[in-house]
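All remarks here apply to the structure that follows.
Protein chains: 4
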Amino acid sequence: MGKVAGVSSAPRPRGRPRSEKTRQAILAAADELFLEHGLDAVNMDEVAERAGASNSTIYRWWPSKHVLALDALVTAWEEATGLDRDRGSLRADLRALVRPWVKRVAARPYARMIAALVAEVHRDPAFGEIWRVDFVQERRRRGRAAFVRAIERGEIAASTDVELALDLLYGSLYHRLLHGHEPITERIGDRIVDAVLGGVTELARSA
Amino acid sequence: MGKVAGVSSAPRPRGRPRSEKTRQAILAAADELFLEHGLDAVNMDEVAERAGASNSTIYRWWPSKHVLALDALVTAWEEATGLDRDRGSLRADLRALVRPWVKRVAARPYARMIAALVAEVHRDPAFGEIWRVDFVQERRRRGRAAFVRAIERGEIAASTDVELALDLLYGSLYHRLLHGHEPITERIGDRIVDAVLGGVTELARSA
Amino acid sequence: MGKVAGVSSAPRPRGRPRSEKTRQAILAAADELFLEHGLDAVNMDEVAERAGASNSTIYRWWPSKHVLALDALVTAWEEATGLDRDRGSLRADLRALVRPWVKRVAARPYARMIAALVAEVHRDPAFGEIWRVDFVQERRRRGRAAFVRAIERGEIAASTDVELALDLLYGSLYHRLLHGHEPITERIGDRIVDAVLGGVTELARSA
Amino acid sequence: MGKVAGVSSAPRPRGRPRSEKTRQAILAAADELFLEHGLDAVNMDEVAERAGASNSTIYRWWPSKHVLALDALVTAWEEATGLDRDRGSLRADLRALVRPWVKRVAARPYARMIAALVAEVHRDPAFGEIWRVDFVQERRRRGRAAFVRAIERGEIAASTDVELALDLLYGSLYHRLLHGHEPITERIGDRIVDAVLGGVTELARSA
DNA sequence: GTGTAATCGAGACGGTACGTCGAGTCTTGTG
DNA sequence: CACAAGACTCGACGTACCGTCTCGATTACAC
């Protein structure tokens, strides 16, 4: 992945250094092609060609197609992530989290991408580890922070099971995304936040 | 898939009839092998061999590996599904729904199977349709019935968004299953039911 | 094949008798389809359909596709074979043999058919036997007769190696037909006859 | 096929060079297996395995089984072809041509191989072209040279139809080989040469 | 500058599953 | 029995693409 590596005090490796330009071109090509056509519909040579790189350069730095795809996804996702400031209430914080997610996911075929990666998670445990560290926990971290602030603020009980709350929140969203039984809209995002906060009761009131 | 029903007064088809024994042997072989080793780790010839059938007989009746896997999954799932009787309260009904699901899913590697199928859903829209009709809606139907009974009973507001409630419930469960960040236990099942019913508040109380 | 079978004094078999109409329809369908599109481009179901018969009826009477094709070829070839009368000279006799052959072979894609059957001859020795008995020897018989008459007539030496002469004659013709390096014309047929007659002298001397 | 020649100053192709060792191993495996068991009795994976190569490497360089078989045949045939020197008389030249051919063909089941290729010639015109260029014309070239020398030498008439003479010669040989009605022996080879020489006179006269 | 050591592009290679196709056999019910 | 219908077994085909490998060409730093 690369990010894992370089601490500042690298021992200055000998030989020709890795081309940063090529690295970014590969990630950009992967992001575009995989997202646009789907992971299975694009082969590595096409990514290489689009990036102006070669098959072997990709495999020198990424161990597999799926790891590359994940890296590309994470990279693109990070660039587009806004700040994480306190909105004053849990509801506002969660909405600020959910709304961009919904917008992003509704705009481009991320569902296909994520579904393919999730499948790989269960096919290759090593990839699963990378997935959880680089993607899942990274997403949950911000949601968790919002709940923690709410507890500190006295807005919700200190004993709240934050992890479960996150499952409720993200679970509902990913469920719609992956199972595809209903479309994902901004309005649904808000209502899910409400429901998580209030349960079934809220489901009636916010109808 | 076969379940197309078929009215009782079948027009008596000509020719050698399809072998019901072979059909079941194929479904059983698919269920066992795909579940045990994963969809990608098993090829069609292995399924055929285990079923004592031939490659082409499989392809004559199932258009692809994924459709076969889904049929096998649905068939096995149906056999094991208990009755759907009224337990008196929404909480009890939902628990009666969730507990067997959790037990089943914890016992065998269903996550891998479902992840692979979900990926295919997004790869092939036609398969997505089959998936939603044969699997998703079939599972949701029973949950929906529980909510409807609760409304009739006056237990929850008539205006409750049942679909969203189902997303909350199944979403949380599938989220844990697919993303694999936390294990799935019986206890978690109950707590998710509680949380769906009461939202974050309940998350504190039931902790 | 059929012709091999039935001696006249059949013991009158029980049950439904074989349909002669169907037999001929199958042979006709095989002749047309195989000759027109090639043995490999036509499958047995197509022959069956064209004949208004079924797959299994064909296989009840002909043991394989190639045997059927050969039977069809022989049948059609026989119908079209003229009489074998004495033309007065060996040259005239041979021309009377070669000309219709050339005409026939130039008019329709027999080369493809024969090439496929010859290949099968070497793939399956049992078929080779049928081929030689029903087709090769049958064709050579008439050529041989012409040479025998020439010998009786004193036109060529009695020591002439007739078999070799036949190889020279038919060999040249089949060579052009099968190897396809040069087209087959009526004129070529005559010249081959002339050349063979020139060589025959030598055939006697070197015996 | 490879024989495209290539001028000495090759522009030094980029990338990993084709493995000459593998190429030869594949040709050798094809030659042995196809000749030994017949083209249809051997599948490509068996050839690949015997060659220590992979299925896809074969298909990368040879478009079909038949083309591979032909290449293997031509390669093996070429290696075993002696020099083409003048023996002083047409008869001696032709015998020098025919005898090794007979010996070769009698020793191993070439008939089956050639019959299969000839069938393919008529099934696939593109293959027919390769066949004629790489095999047929190549074989005829040397026979033609012998006749040309005989003409220059004044041994036979200048008006002799050499092509027809070649058909007589090779036609008889191939006829015995392919139709299988009589065995092929050294003696027969010589007698065919004699017969052809006798016919050649006629070939000039009737021109 | 020159040497060393790594990267890069090009492309061949092994491995392996896919889904298709056809020959020939078997199993029904009908005539 | 013969026959039509059509399901079944067997097994090859040629395709696709992943990830590995082998080259020569290139690039940076160290000396």
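Chains as they are written, first to last, in the numbering used here: chain C, 1 to 207; chain D, 1 to 207; chain A, 1 to 207; chain V, 1 to 207.
Backbone N, C-alpha and C define an ideal beta-carbon position, used for all residues, glycine too.
For this session: Answer with buried or exposed for A/Gly15, where buried requires no fewer than 16 other C-beta atoms within 10 angstroms of its C-beta.
Result: Taking a 10 Å sphere around the C-beta of A/Gly15, we find fewer than 16 other C-beta atoms and assign the residue as exposed.
For this session: Rounded to whole angstroms, what's the CA-CA distance from C/Ala51 to C/Met113? Just pull it up for me.
Result: Going by the C-alpha atoms only, they are around 19 Å apart.
Exercise. Cβ atoms of D/Ala158 and D/Ile151: under 7 Å apart, would you say?
Worked result: Taking 7 Å as the Cβ cut-off, D/Ile151 and D/Ala158 qualify as a contacting pair.
For this session: Apply the 10 Å Cβ neighbour rule to D/Leu169 and answer buried if 16 or more other Cβ atoms are within range, or exposed otherwise.
Result: D/Leu169 comes out buried.
Exercise. Cβ of V/Gly180 less than 7 Å from any chain A Cβ?
Worked result: For V/Gly180, the answer is yes, since a Cβ of chain A falls inside 7 Å of its Cβ.
Problem set entry | Contact check, C/Asp194 vs C/Glu202, beta carbons under 7 Å | The Cβ atoms of C/Asp194 and C/Glu202 lie closer than 7 Å to each other.
For this session: Could you round the C-beta distance between C/Ser188 and C/Val105 to whole angstroms and report it? I think they count as a contact, below 8 Å.
Result: First, the residue type needs correcting, since residue 188 of chain C is Ile and not Ser in the sequence shown. With a Cβ gap of about 11 Å, C/Ile188 and C/Val105 do not count as contacting.
Exercise. Between C/Met1 and the rest of its own chain, which residues show a CB-CB distance below 6 Å, the 5 nearest in sequence each way excluded?
Worked result: Any reading at C/Met1 must be qualified, since the residue scores a pLDDT of 42, below 50, and its modelled position is unreliable; the value itself is stated next. Taking C-beta separations shorter than 6 Å and ignoring five residues to either side along the sequence, the partners of C/Met1 in its chain run Asp71, following chain order.
Problem set entry | C/Ala53 versus A/Ala48 - alpha carbon distance | Approximately 56 Å, taken between the alpha carbons.
For this session: Flag this pair as touching only if the segment 67-86 of chain D and the segment 160-174 of chain C have three or more C-beta atom pairs under 8 Å; answer yes or no.
Result: Short answer: they don't touch.
Exercise. Taking V/Val148 as the reference, which of V/Arg108, V/Glu182, V/Gly88, V/Pro13 has the closest Cα?
Worked result: Comparing Cα-Cα distances from V/Val148 to each of V/Arg108, V/Glu182, V/Gly88, V/Pro13, the minimum goes to V/Gly88.
Exercise. In or out: V/Gly154 buried (at least 16 other Cβ within 10 Å) or exposed?
Worked result: With fewer than 16 other Cβ atoms within 10 Å, it is exposed.
Exercise. Considering only residues of the same chain and omitting the five flanking positions on each side of V/Trp101, which have a CB-CB separation below 8 Å?
Worked result: The residues are Leu173, Gly189.
For this session: Would you grab the beta carbon distance between C/Arg176 and D/Asp167 for me? Rounded to a whole angstrom, and I think it's under 8 Å.
Result: At roughly 6 Å, the Cβ-Cβ gap stays under 8 Å, so C/Arg176 and D/Asp167 are in contact.
Exercise. What first and last residue would you give for the alpha helix (DSSP H) that runs through A/Ala145?
Worked result: From DSSP, the alpha helix (DSSP H) with A/Ala145 extends over 137-152.
Exercise. Among the residues of its own chain, which have a CB less than 8 Å from the CB of V/Ser19, if the five just before and after it don't count?
Worked result: So the list is empty, once near-sequence residues are dropped.
Exercise. Is it buried or exposed for V/Ala116, if we count other Cβ within 10 angstroms and need 16 for buried?
Worked result: Flag for V/Ala116 reads buried.
Exercise. To the nearest angstrom, how far is it from the Cα of V/Gly143 to the Cα of A/Val121?
Worked result: Looking at the two C-alpha atoms, the distance is approximately 28 Å.
For this session: Quick one: which residues of the segment 163-177 of chain C get their C-beta closer than 7 Å to a C-beta of chain D? List them in chain order.
Result: Hits within the stretch, in order: Glu163, Leu164, Ala165, Asp167, Leu168, Tyr170, Gly171, Ser172, Tyr174, His175, Arg176.
Exercise. Rounded C-beta distance between A/Asn55 and A/Asp45? I'm assuming under 8 Å.
Worked result: That belief holds up - the Cβ atoms of A/Asn55 and A/Asp45 are roughly 6 Å apart, short of 8 Å.
Problem set entry | Residue interval of the alpha helix (DSSP H) (run including C/Asn55) | 55-61 is the extent of the alpha helix (DSSP H) around C/Asn55.
For this session: Check the Cβ of A/Asp40 against every Cβ in chain V and list those closer than 9 Å, keeping chain order.
Result: Result: Ala119, Arg123.
Exercise. In this structure, does DSSP put D/Pro100 in helix, strand or coil?
Worked result: If DSSP states are grouped into helix, strand and coil, D/Pro100 belongs with the helices.
Exercise. Within 7 Å (strictly less), CB to CB, does A/Ala5 reach chain V?
Worked result: Because A/Ala5 carries a pLDDT of 35, less than 50, the predicted location of this residue cannot be relied on, and the following value inherits that uncertainty. Taking Cβ atoms only, chain V never reaches closer than 7 Å to A/Ala5, which makes this a no.
Exercise. Once you ignore the five residues that flank C/Lys65 on each side, which residues in its own chain have a CB closer than 8 Å to its CB?
Worked result: If we look at C/Lys65 and ignore the five residues flanking it on each side, its Cβ neighbours are Leu39, Met44.
Exercise. Out of curiosity, what's the CA-to-CA distance linking C/Lys3 and D/Glu182?
Worked result: Unreliable placement is indicated for C/Lys3, whose pLDDT of 42 sits below 50; no coordinate value is reported for it.
Exercise. What's the C-alpha gap between D/Ala5 and C/His179?
Worked result: With a pLDDT of 41 at D/Ala5, under the threshold of 50, the modelled position of that residue is not reliable, and the figure given next carries that caveat. Per the coordinates, the alpha-carbon of D/Ala5 lies some 25 Å from the alpha-carbon of C/His179.
Exercise. Mind pulling the chain C residues with CB within less than 8 Å of D/Ser56?
Worked result: Those do not exist, as D/Ser56 stays about 25 Å from chain C at its closest Cβ, beyond 8 Å.
Exercise. Do you know whose CA, among D/Pro63, D/Arg99, D/Leu83, D/Val74, lies nearest D/Asp124's CA?
Worked result: When only C-alpha atoms are compared, the closest one is D/Pro63.
Problem set entry | Cα-Cα separation between D/Ala69 and A/Ala25, rounded to whole angstroms | One alpha carbon belongs to D/Ala69, the other to A/Ala25, and they sit about 45 Å apart.
For this session: Give me the Cα-Cα distance between D/Glu129 and C/Gly128, rounded to the nearest whole angstrom.
Result: Cα-Cα distance, rounded: 28 Å.
Exercise. What does a CB cutoff of less than 7 Å around D/Ser206 pick up in its chain, not counting 5 residues either side in sequence?
Worked result: These residues qualify, in order along the chain: Arg191, Asp194.
Exercise. Are the CB atoms of D/Gly199 and C/Leu197 nearer to each other than 7 Å?
Worked result: Contact annotation: D/Gly199 and C/Leu197 have beta-carbon atoms nearer than 7 Å.
Exercise. How many Å lie between V/Ala30 and C/Val136 at the Cα?
Worked result: One Cα belongs to V/Ala30, the other to C/Val136, and the distance between them is close to 53 Å.
Problem set entry | Residue-level contact to chain C via CB, D/Ile130, 7 Å cutoff | Answer no: the Cβ-Cβ gap between D/Ile130 and chain C never drops below 7 Å.
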